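Notes for the one structure printed next.
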Amino acid sequence: MAEHHYDVVVIGAGPSGEGAAMNATKHGKRVAIVEDKPTVGGNCTHWGTIPSKALRHSVKQIITFNTNQMFRDIGEPRWFSFPRVLQSAQKVIGKQVKLRTQFYSRNRVDLINGRASFLDKNRLEVRGNKSVETLHFKQVVIATGSRPYLPPDLDFRHHRIYNSDTILNLSHTPRTLIIYGAGVIGSEYASIFAGLGVKVDLINPGSRLLSFLDDEISDALSYHLRNNGVLVRHNEEYDSVDGDDHGVVLSLKSGKKIRADAFLWCNGRSGNTDSLGLENIGLTPNSRGQLAVDEHYRTEVDNIYAAGDVIGWPSLASAAYDQGRSASSDIVNDDYFRFVTDVPTGIYTIPEISSVGKTERELTEAKVPYEVGQAFFKDLARAQITGEAVGMLKILFHRETRQILGIHCFGDQAAEIVHIGQAIMNQEGEANSLNYFINTTFNYPTMAEAYRVAALNGLNRIF
């Protein structure tokens, strides 16, 4: 059995693992990263963020071709199958894997394939296909990510019952689809399949879609999903899911029964901690397999850190990378540590949603005297040119100091647009002000101009 000694070992080669490993090696640490999949990238690259967003982009292009009258000179509207659309996502995955594999080799991080488990607080056993290795370490970062939560009473081996990972193996295009769980993943897949002409039933155990969003943005999402043919059913819980050779029947506790060609489960995720041997180091994950950390990403064991989806909120690739990097910053004691809290929300439905900061509901409950500035995309020249007229930008600001308190955007390129507002919100003191957008000249025509329009709209409300 081979034995190796490292300063830092990272378990998991997804976004948080990459962030931790890159930062540690650039500070002169001897680093190894352990990955139990054949290639790097984690759930983000192979089953989550990258494939679903690539799918969405392709579907959006199809919608544009089928609805833009200019293209009728080329041909009639076309139907595309799910497997055909998925081909473009596979190309992006390959590019991402190649790029990220090069990161590790170029920065002299040892990439070890195998399943890691703790022997004690300073040793890991890694079991590969043909070998068993022991890794000695000073610090370790657990960045094993998450997987779909699978309730034991659902038969996910049935060829018509899928979860948000296995849906990427779908070899046909169902005419009808039930999606259970109307969170971020469920809402995104509802948009994707509706864009392919699939009749979608979206089952929401809650009372409204994405309740953490600003109410106006959540209402807009509900409207546009319904406008695209998605039937949203709120306050429903499943009683049973039964598949046969011809479809799936969902029985709800309310007494309703729904039949569709396929069923997609998108309700919750579990941390990948069950095979780590955590009992050997005195760590116990919660009921969803997630690890608790302090504000330095340390677990209850002082030399063992955790970051990314395995610690829970916010379970976003963007935040996971920063969490991993910050955990590593604490290890190497550099100047860039931060506990990640100011995370923008990016939801890739059709249309797109993004926000950062407080919602109107939160500000009202806190009795903060805020005001609202709005810009509707239908009134922007750039949106009229591109044909992407659905959407709005909303700025929430303090009516006395004009400090920006929240940015909420719905529509094409929302996840890009929100970062302009985020940059100003992060300025200290009087630099965080609505006045920036009023006194700044924006390129014309641009979507960024929405900030000037919204700022002036909000200024008109102050007396």
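Under UniProt numbering, the residue at position 369 of the sequence shown is numbered 369, and the numbers go up by one with no gaps. Where is the CB? At the ideal position from N, CA and C, for every residue including glycine. All values reported here derive from a predicted model rather than from experimental measurement.
Compute the distance between the beta-carbons of residue i and residue j, then report whether it is under 8 angstroms.
i    : j    : result
I281 : K138 : no
M447 : A383 : yes
L264 : I347 : no
A327 : V141 : yes
V59  : V85  : yes
G357 : F377 : no
I395 : G429 : no
R288 : S315 : no
V97  : T64  : no
V340 : A317 : no
L209 : V232 : yes
E236 : S254 : yes
N163 : L150 : yes
I33  : L111 : yes
L393 : Y451 : yes
D245 : R175 : no
H224 : S207 : no
R325 : N23  : yes
P344 : I385 : no
Restricting to Cα atoms, I'd like to know which of the options is closest to residue i.
i    : options                : result
S355 : V310, S318, C409, Y238 : C409
D412 : E365, I353, I404, T440 : I353
Y238 : L154, E300, N129       : L154
V248 : A414, R157, P445, R269 : R157
V31  : P15, H5, K37           : H5
V132 : E3, E236, S16, Q90     : E3
I438 : P445, H419, G373       : G373
N286 : G312, V340, K53        : G312
K26  : V8, R175, T401         : V8
N460 : I62, H136, R399        : R399
F375 : G94, A54, G458, F442   : First, the residue type needs correcting, since residue 375 is Ala and not Phe in the sequence shown. The residue with the shortest Cα to Cα distance from A375 is G458.
N432 : T401, I462, P83        : T401
Quick test of your reading: residue i and residue j, contact by CB under 8 angstroms. State the CB separation rounded to the nearest angstrom.
i    : j    : result
C266 : Y180 : 7 angstroms
I203 : A182 : 7 angstroms
A13  : V40  : 4 angstroms
N113 : E18  : Not quite, the Cβ-Cβ distance comes to about 16 angstroms (not below 8 angstroms), so this is no contact.
R127 : T134 : With a Cβ gap of about 11 angstroms, R127 and T134 do not count as contacting.
N272 : V301 : In fact, because the Cβ distance is near 18 angstroms, the residues do not count as touching under 8 angstroms.
G277 : G145 : Rounded, the Cβ-Cβ distance is 17 angstroms, inconsistent with contact.
S16  : Y321 : 6 angstroms
A89  : I11  : Actually they are not in contact, since the Cβ atoms of A89 and I11 sit about 27 angstroms apart, beyond 8 angstroms.
L434 : F397 : 5 angstroms
I161 : D201 : Between D201 and I161 the Cβ distance is about 15 angstroms, and since that is not below 8 angstroms, they are no contact.
Any heavy atom of the ligand HEM closer than 7 angstroms to the CB of residue i?
i    : result
D261 : Within the structure as shown, the ligand HEM is missing, as the structure has no ligands at all.
Would a check of beta-carbon distances place residue i closer than 8 angstroms to chain B?
i   : result
G14 : Of the protein chains in the structure, only one exists, and it is not chain B.
Quiz item: Does the pairing of the region 356 to 366 with the region 185 to 193 give three or more beta-carbon distances under 8 angstroms?
Solution: Too few Cβ pairs lie closer than 8 angstroms, so no.
Exercise. Would you check if the region 208 to 225 and the region 90 to 110 touch, i.e. whether three or more CB-CB distances between them fall below 8 angstroms?
Key: In this structure the region 90 to 110 does not touch the region 208 to 225; the number of beta carbon pairs closer than 8 angstroms is below three.
Quiz item: Considering only residues of the region 254 to 341, which uninterrupted alpha helix (DSSP H) runs meet the minimum length of 4 residues and lie entirely inside it, listed in chain order?
Solution: Within the region 254 to 341, the complete alpha helix (DSSP H) runs of at least 4 residues are 317 to 332.
Self-check item: Runs of beta strand (DSSP E) wholly within the region 29 to 83 (minimum 3 residues, chain order)
Solution: Taken in chain order, the complete beta strand (DSSP E) segments of 3 residues or longer contained in the region 29 to 83 are 31 to 35.
Quiz prompt | Runs of alpha helix (DSSP H) wholly within the region 159 to 245 (minimum 4 residues, chain order) | solution = Within the region 159 to 245, the alpha helix (DSSP H) runs of at least 4 residues that lie entirely inside it are, in chain order, 184 to 195, 215 to 227.
Practice problem: With a floor of 4 residues, list each alpha helix (DSSP H) that falls wholly inside the region 353 to 419, ordered by position along the chain. | Solution: Listed in chain order, they are 360 to 365, 381 to 386.
Quiz prompt | contact_flag[the region 319 to 335, the region 163 to 175] where n(CB pairs < 8 angstroms) is 3 or more | solution = A contact is defined here as three or more CB-CB pairs under 8 angstroms, and the region 319 to 335 fails this definition with respect to the region 163 to 175.
Quiz item: Is it true that the region 425 to 436 meets the region 392 to 408, where meeting means three or more beta-carbon pairs spaced less than 8 angstroms apart?
Solution: Contact holds: three or more Cβ-Cβ distances are below 8 angstroms.
Quiz item: Is the region 76 to 94 close to the region 193 to 202, with three or more CB pairs under 8 angstroms?
Solution: Yes, the region 76 to 94 is in contact with the region 193 to 202.
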